[in-house]
Every structure is written in C-alpha cells, then in structure tokens.
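Note sheet for the following structure.
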C-alpha cells in the first residue's frame, strides 16, 4: 500500500497542513520553514521517533498526524479489513495529548441506519424487531440471533446493497485494530537517512546492531546456513564439542567424555566453599554460529587505499549509505517476489493463514538533504536513482536545497514549504492538475529547458524575475548591485524569448510563487507595422496571464539596450557589450531606468 494523503496538526511549526503524496516527494523551501518538521511528523506516525513536549505547536496541548493509504494489496486488505472503504483505502490517525498515552484510531464507513451498526445489536437481537427490516433475509430463518450471526448479516447486506446505503466516514472511538499499542512496522518498512549520519554506524555488525549492513549480512548468513553442507557440518561439530564440556548429557546422565580440567576447576572452587556447603557446576551453552560470523566480520573500503569507512571522505561515506539503502530495497523486492511465487504455487492454503494479519510489505524511504557532500554530477545521478527507487513500488520522500533534485517533468512531486509567520505556521503548496492543458505547450516548455537548464532554481526563490534574454539577465542584477538593492534570494530566469515567458508565468501562478515579468515593448523605429502588432499581441498575452496576487510586469521602452542608451542595432543582444557599456566610469544611469530596476527588486 502507499500513502495517499497526509494531514499534520499542531506538530512543531505546523498548525495544520494537508497534502497529497506521490511515489516521489520533494519538499523544498527556505531554511527554518518546516521541511524537516514534515518528515519528523511522518517518522513519529510510523513509530521511528519518540515525541516530547517540545514537539507540540506552541500553546497547544494535543497533536495528531493522519494518513490515508491506498493501493492496498491482498495482505493489507486482510490486516486492515475492518477499515477498508468502498475504494479500498484506509485512514489512520495517531494522536497524543500532553500527559496522556499515544493513541491510534482508524476511520470507519458507518452506515447511517441504526440496524446496520453492530453496536446496536441489543436493539435488534430478536425476531419481532428484525422481521420487517431488509436485513431479515440475510438472517437464519430460525434459532437465536447471536452477535456473530447479526454481524455477518450486516456484512452480507452491505456487500450486496452498498450503492444504496448512505455511509458516514467517522473516526472510531476505540483503539486501532482493537489493540492499545500498534506494532512498529505494521504499515511497512521505513528507511530514514538524516542529513548527518555516521556511515560507520550503518556498517556495524553484531547481535545488537540494527544497521542496514547488519540486516543485509544476516540474511546472507541465513542463506548460507540453509544451503551450505560445510556450514551445517561445522555447526553440528561445534554443538557436539560444547556438549562434551558439560557435566551431564542431554538425558541427565554423567558425561564420561568431559575433560578432566573442567572437573578439577569445579572441585578446586568447591573446596574453598566447603564451609558454605555449596557446589559448582560449569555449564557451557553452545553459541549461535551465525553470531560468531558477525563478531568476526569487518568491512574494509578500498578506493586505492584499504581503510575503514571513517577514513574516507564525506562524499564516499554518504554514497556508501545510499548504496546500502538501495541494496536493502533490492533485497526486499526479491524476497517479496519469492514469497508471491511460493504462495501462488500452493494449490490449497490453510484458511487461518489466509486470514492472519501481517505487517505491510510497503517501503518508505525518507532522506534529509541527500545532496550533502556530493558534487552536482553525483547529485543528478543520485536523483535518477531515487526516481528508479520510487518506481519500484516504494515511496521516496526527501527535503533538499539543491535544484539538482528538481525536474519540471516531476512537477506533481514538488512540495513548496513556506512559513509566512508563526500564527499561520508551516504550509505546503503543490499542484496536482495538468500543468499545461495544451500538449504542444508542454512540448515547447520542455524544449526551453535545453536553453535554460537552471530553471529549477526558481522553486527555491523568494521571488522570480522573468526576462527575455541573456542581456537582461546580465544587466539587471549588475545595475541592482550598483544602486545597492540587489537581493540574493531573488532568481532571474532567462525565458528564451518574449513568447516563451507565458509558460513560466503559468508555472509560477500554479505554485503561488511571487514573480516580476520584465519584457520589451518592441516598438523600435526600424520595425515594420506587422512586427509591432505581433509584439503587442505577445505583450497582451503576458498581461492577461499575470495574476496580481503573485506577479506584476515591468516594461522596457522598446528594449533594454535603448533604455541603457545603446542605439546601435549591431550591438544589440550582446550581453558583454552591454555590461562593458554600463561599467564605464562616466556612465550615468537614467532615473527612468533606475525606477524600473527598483520596481523589479521591490
């Protein structure tokens, strides 16, 4: 099964926010706006972290995280049968009040009719009361109507008449699955990689280690123990050796083969304790052979120099952690496939096994700042790997500050996290409809990507400045710095032309990102009337698309070169020439252009 929607209430900086989850989710936003709080809320829901009073939103005494799951497999449908909706979804809330215990509650589709509610069984447990009710045809014609019989009749009636029944979707009052505590992992496996993690910890081995490598290695040892004849023989010999060392055999008889040295040791100690009337018995318990292989194992990393992982660079350490996670995911996939093949090959199964609850096979991978210690090319490679991981029936969630993990093709995966003020708290913005209604518009926008592959940076900006070309992109920030109004949290995007600007405006409107559209009027004296009319049509299209809540326009008279004082047509569309022109000591910035630069950076 997979997460469909998440609602978070009163968790840290989050007052209340609700969002949809895709197979790949990318949370982006400014520092301290609440990205990590969203991930920690999910970790709390899955039981991966504990809470304390500091996790409550300030001034609040209760909090909850509510998740709706979809795409349940047959195993999930058995485990969560009670909570299945008509769409085969389930919704679960984890809540806590200060000073009280954590509670899980599921949502139920309750029929509005009283006689279809099992809690009202006592009102309908005799023939006189049910004879005139539609449920009567699903009850035995004679005998006592027990609670189990009535409950089965309710199920049968609902299954046959679901379309005609009115349901209320309500949260149950009792505990989820009827248990006070929900077992960790019941909703699936969770793999969490924080922004700072010790790679050596993930390579540790031992009986008490929960590292990913230890789990991988343990499975390999188990496979060896099942398939290797030599391993089985060694295990039997060690067991026999251990038994020889004990005073008695398994059947309680005196062990004649026991080494005399052990008996002498016991007698020596007993002699010293004679006044205490105490005897000593040294008993040897056979060790777990699998554990012996763990204790004696060590992982060396050889990148030309053989050392442990702690002596490698942070980039390689980070890559090692990701490699372990992906290996674990592949192993889980193989195990699930083997289980399905095994189940399908059995002609008959025990009905008790079929109805037995099991933890979900789902897997959720949660990464904080995966770009850390990785150069841009490695970031893009990792992003591609995470996309592949999300396509393999997993869900991948990450928060990032790197545009390498943003792709317009995956726009439904993008969640912009904002916190305008403390009162409103952290909010999430996403767009799940079709970004482009016209398929040709989508194609054109994707072609623009090859002109400006850095466009993903706009999702991280406090404000986006859209310009027509390279000269605008070069000159505008230069002038802004010259008059001391430049802002680093504003991003300038070269749209590749006036007609392409509308695609970016559409995108920014959909994601509620503030912007300024800077374009040329294009009424130069050397232009023909048809060219001027065409420019006016493009200008009108831009103005019609701008939503005043998010954007506004700044228009250059004819073009930026004429605003600067460059009238020579042969020197237009040359960023370096324009930059050299305004960098001269005697260059004077006109007030009209200064006002426009100030408006752009307001």
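Numbering (the working numbering), first residue to last: 48 to 649. Beta carbons: idealized from backbone N, C-alpha and C, even for Gly.
- Going by DSSP, residue 264 is part of the alpha helix (DSSP H) stretching over 259-274.
- In the structure shown, the three-state DSSP call for residue 454 is coil.
- In this structure, the alpha-carbon of residue 490 lies about 12 Å from that of residue 482.
- Runs of beta strand (DSSP E) with 3 or more residues, each lying fully within the region 180-259, are found at 214-218 and 236-240, listed in chain order.
- By alpha-carbon distance to residue 63, the top candidate from 107, 93 and 72 is 107.
- DSSP, reduced to helix, strand and coil, places residue 567 within a strand of the structure shown.
- Our two residues, residue 506 and residue 582, have alpha carbons roughly 29 Å apart in a direct line.
- Nearest in C-alpha terms to residue 168, of all of 182, 635 and 584, is 182.
- Scanning its chain for C-beta atoms nearer than 8 Å, with the 5 sequence neighbours on each side dropped, one finds around residue 133 the residues 156, 209 and 214, in chain order.
- By the Cβ rule, the region 535-554 does not count as touching the region 463-472, because fewer than three pairs are nearer than 8 Å.
- Here residue 416 is buried: its Cβ has 16 or more other Cβ atoms, across all protein chains shown, within 10 Å.
- Residue 294 has its alpha-carbon roughly 41 Å from the corresponding atom of residue 259.
- Short of 8 Å from the beta carbon of residue 471, and not among the five residues preceding or following it, lie these beta carbons of its own chain, in chain order: 62.
- Its Cα nearest to that of residue 310, the residue 329 stands out among 297, 320 and 329.
- Residue range 517-529 is occupied by the alpha helix (DSSP H) that includes residue 524.
- In this structure, DSSP gives residue 622 a helical state, which the three-state scheme calls helix.
- Looking from the CA of residue 648, the closest CA among 350, 526, 606 and 604 belongs to 526.
- Taking residue 567 as the centre and dropping the five residues before and after it, the same chain places the C-beta of 515, 545, 582, 602, 603, 605, 606 and 607 closer than 8 Å to its C-beta, in chain order.
- Residue 442 is not a Cβ neighbour of residue 478, given a cutoff of 8 Å.
- A residue is called buried once 16 or more other Cβ atoms fall within 10 Å of its Cβ, and residue 223 is buried on that count.
- Linking residue 521 to residue 625 through their CA atoms gives a straight-line distance of about 9 Å.
- Within its own chain, the residues whose Cβ lies closer than 8 Å to the Cβ of residue 425, once the five positions on either side in sequence are excluded, are 362 and 366, listed in chain order.
- Bridge partners of residue 143 according to DSSP: 110.
- For residue 448, the closest of 271, 124 and 242 by C-alpha to C-alpha distance is 242.
- In the DSSP annotation of this structure, the continuous segment of the beta strand (DSSP E) that includes residue 157 starts and ends at 150-158.
- In the three-state reduction of the DSSP assignment, residue 614 falls in the coil class, being assigned neither a helical nor a strand state.
- Looking at 510, 86, 49 and 576, the one whose alpha-carbon comes closest to that of residue 135 is 49.
- The shortest CA-to-CA distance from residue 609 to any of 230, 274, 351 and 636 is the one to 636.
- Exclusion of the five residues before and after residue 509 leaves 536 as the residues of its chain whose Cβ lies within less than 6 Å of its Cβ.
- Separation of residue 79 and residue 282 (C-alpha to C-alpha, rounded to the nearest whole angstrom) is 55 Å.
- Ranking 406, 556 and 422 by CA distance to the CA of residue 123 puts 406 first.
- Taking the Cα positions, residue 460 is about 19 Å away from residue 409.
- Under DSSP, residue 476 shares a beta bridge with 463.
- Pairing residue 360 with residue 418, the inter-Cα distance amounts to about 15 Å.
- DSSP places residue 57 in the uninterrupted beta strand (DSSP E) bounded by 49-58.
- Contact between residue 357 and residue 247 is confirmed by a C-beta separation of about 5 Å, below the 8 Å threshold.
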